[in-house]
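**Student:** This is the structure I want to talk about, given as structure tokens.
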Amino acid sequence: MSLMVKVGKKGKQLVKKLLPEEKRRLSYTRRIERVKTARRICAMTFDDGPMDLPAAPDRFGGRSLTDVLLDTLAQFGAKGTFDVIGDTSENYPDQAGRLGSAAWGGIKFDHYPDLGRDDRGGAVHSDRLIRRILDEGHQITNHGYRHIIFGKKPFVYGAREYLGTADRAVEDLNRLDQLLRERYGYQITLSRPPHYVDVMQDGFTSYDVYDRLGYQYMAASFDGAGWLPSTLSDPDAALEAEAAAMEGPMRAALERDPDFFCGQIIFQKDGYNMAKRTPVAFGLPRQLALLREYGYQVVTVGELMEESPFADLDRGDPLFGKLCRLQEDRAVAYSDNRLRLDQPMTWGELAMLLCPKEEAMARRWGKIRRTGRHEHAYCGAMEWCVEKGLIPKGAGPDRPVKALPAGRFAPAEGLTRRQVYEAYQE
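Right, here's the structure in full:
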């Protein structure tokens, strides 16, 4: 089954390359995989914890896996981003799938850190670990209270229960958000959907859910590889192969290009892999030693985004400060976190710049609720701007802007996105 997951992952990447590129839209929520910077800084994210069970095999005197990861980060002066869950003890009735399969810890639901051991993981049951994470300067993000996928994922998780609607997803995420605010005074700003399932059956996506919550979508650009098991039958050999699989690709990337990891987000797991081992406990020191050897600083995703919130614009660009301010309450970057400043500005993109966020969201959400379909990302903003006389009636959302409306713009020549943002009066 682990081979099937690997093949499926490769197949998905191949299909993505063969298909026409998806039409990108401006979005309040942006998928943050990496940011543009020449500095040797990167981030490490740890999913599905905290885990208050020992590493497997336990070579750390019974210390919990999350404690081992925190000890390792401290040893290397690194900061981590812990993408935590709330509590999976409500995810029953259920039974375990075959060990080595994606359903090893539950056929209908996920159970962290293990089926029947839900009380040894998650933020609800791990107050000490959450406090340690925060006290030591690490970041916490929202991976779902019950870690239930947002929509169908038939290839790997065909038997899984899923939330299916934006309202249910918002409710689930809010439970964890509220727990962190009320118990620790901590405000979550980033989230990663369980198993990266984005599309729901009511016309909404994870991007709409994160719009509502004011989150950004935390993805990753490099797989730390500690979640897939080796197929070797000898447990010690398998563990060594898994730890080597965490180190080898990183070493090869750095040997090809010492700046390879500048601005990148690395995916890790704070829990068992599908063989119920924890190679991350043994591979993480190797990865951090490599990064230190090449002069990298490992920071939180939040700190990485302070360096630059965009994938294709850094601090050296004259527009950097202006666009950083605008992105706080306007959609200026595409959902893949790129600005594409040299492309022509379209009427829909101009509408997203001019329309207040709440107006654009409320109108679009209302339309989706009425139709049950996924509506154009710019429909709410376009409607508002037409009513206000800011854009011509009948202007197509994907057609290039021919003339800028009066009032908010300095004179501009040409209508690339860069030129429009330069002319925009804050």
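Residue numbers (our numbering): 530 to 955.
Virtual Cβ for every residue (Gly too), placed ideally from N, Cα, C.
Counting along the chain, where does the beta strand (DSSP E) carrying T610 start and finish?
**Tutor:** G609 to V613
**Student:** Can you find the residues in the same chain that come closer than 6 Å, C-beta to C-beta, to D765, ignoring five residues on each side of it along the sequence?
**Tutor:** none
**Student:** Taking the continuous beta strand (DSSP E) assigned at K798, which residues delimit it?
**Tutor:** I794 to K798
**Student:** For the stretch 856-919, which segments carrying the alpha helix (DSSP H) assignment without a break, of at least 4 residues, lie completely within its bounds, in sequence order?
**Tutor:** 876-883, 886-900 and 908-916
**Student:** Is the CB-CB distance between E562 and I717 below 8 Å?
**Tutor:** For the pair E562 and I717, the CB atoms are not nearer than the 8 Å cut-off.
**Student:** Give a yes or no on whether the C-beta atoms belonging to D841 and K565 are separated by under 8 Å.
**Tutor:** Less than 8 Å divides the Cβ of D841 from the Cβ of K565.
**Student:** Identify whether I659 lies in helix, strand or coil by the three-state DSSP scheme.
**Tutor:** Helix, per DSSP.
**Student:** Where do the N-terminal and C-terminal ends of the beta strand (DSSP E) with M729 fall, by residue?
**Tutor:** From DSSP, M729 is part of no beta strand (DSSP E); its letter is neither H nor E.
**Student:** When the Cα of D612 is compared with those of T574, W894, V861 and E700, which residue comes out closest?
**Tutor:** T574
**Student:** Would V827 pass as a contact of K681 if the rule is Cβ separation under 8 Å?
**Tutor:** no
**Student:** Using 8 Å as the cut-off, can you tell me whether the stretch 790-807 makes contact with the stretch 685-698, which would need three or more C-beta pairs spanning the two stretches below that distance?
**Tutor:** no
**Student:** So which of G615, D664, Y557 and P622 has the shortest CA-CA distance to P642?
**Tutor:** G615
**Student:** Given this structure, state the Cα-to-Cα distance separating A770 from A585, to the nearest angstrom.
**Tutor:** 15 Å
**Student:** When you compare the stretch 714-728 with the stretch 755-764, are there three or more beta-carbon pairs, one atom per stretch, that lie closer than 8 Å?
**Tutor:** Result no; under three Cβ-Cβ pairs closer than 8 Å.
**Student:** Taking the straight line between their C-alpha atoms, what separation do you get for T610 and D843?
**Tutor:** 22 Å
**Student:** Does chain D have any CB closer than 8 Å to the CB of V685?
**Tutor:** Given the protein chain composition of this structure (a single chain), no chain D is represented.
**Student:** To the nearest angstrom, how far is the alpha carbon of E665 from that of Y713?
**Tutor:** 14 Å
**Student:** Looking only at DSSP bridge pairs, what is R560 linked to?
**Tutor:** Y746
**Student:** Roughly how many angstroms separate the alpha carbons of Y686 and L555, rounded to a whole number?
**Tutor:** 30 Å
**Student:** Please classify S993 as buried or exposed, where buried requires at least 16 neighbouring CB atoms within 10 angstroms.
**Tutor:** Residue coverage of the chain in this structure runs from 530 to 955, which leaves residue 993 outside it and unanswerable.
**Student:** Exposed or buried, K917, counting other C-beta atoms within 10 Å across all chains shown (16 or more means buried)?
**Tutor:** exposed
**Student:** At what residue ranges does the stretch 570-648 contain a whole run of the alpha helix (DSSP H), taking only runs of 4 or more?
**Tutor:** 594-604
**Student:** When you compare each of R947, G800 and A906 to L870 by their alpha carbons, which one comes out closest?
**Tutor:** R947
**Student:** Should E822 go down as buried or exposed, given a rule of 16 or more other Cβ atoms within 10 Å for buried?
**Tutor:** exposed
**Student:** Pull up the CB-CB distance for Q745 and R867, whole angstroms please, since I reckon it's below 8 Å.
**Tutor:** About 14 Å; that fails the 8 Å criterion.
**Student:** DSSP beta-bridge partners for Y691?
**Tutor:** When DSSP reads this structure, Y691 sits in a beta bridge with I678.
**Student:** What does the alpha-carbon distance come out to for the pair R780 and V726?
**Tutor:** 30 Å
**Student:** For D587, which of V597, A774 and L692 has the nearest alpha-carbon?
**Tutor:** It is V597.
**Student:** For the putative contact between A952 and A941, defined by C-beta atoms under 8 Å, what is the C-beta separation to the nearest angstrom?
**Tutor:** 4 Å
**Student:** Spatial neighbours of S837 within its chain, please: CB distance less than 6 Å, with the 5 preceding and 5 following residues excluded, ordered by chain position.
**Tutor:** Taking S837 as the centre and dropping the five residues before and after it, the same chain places the C-beta of V564, K565, T566 and D843 closer than 6 Å to its C-beta, in chain order.
**Student:** Ends of the alpha helix (DSSP H) at V827?
**Tutor:** Looking at the DSSP string, V827 is not in any alpha helix (DSSP H); the run it does join, the beta strand (DSSP E), is Q826 to V828.
**Student:** So, with DSSP's three-state summary, where would you put Q716?
**Tutor:** coil
**Student:** Contact between the stretch 810-818 and the stretch 843-857 is defined here as three or more beta-carbon pairs at a separation below 8 Å; is this criterion met?
**Tutor:** no
**Student:** Got a sec? Which residues, its chain only, sit under 6 Å from L548 by beta carbon, not counting five neighbours each side?
**Tutor:** Reliability of the predicted coordinates at L548 is poor, the pLDDT of 43 falling under 50, and no value is obtained from them.
**Student:** For G753 and Q797, which I take to be in contact (beta-carbon distance under 8 Å), what is that distance rounded to the nearest angstrom?
**Tutor:** 4 Å
**Student:** Can you tell me where the beta strand (DSSP E) holding Q668 begins and where it ends?
**Tutor:** Per DSSP, the continuous beta strand (DSSP E) segment holding Q668 begins and ends at Q668 to N671.
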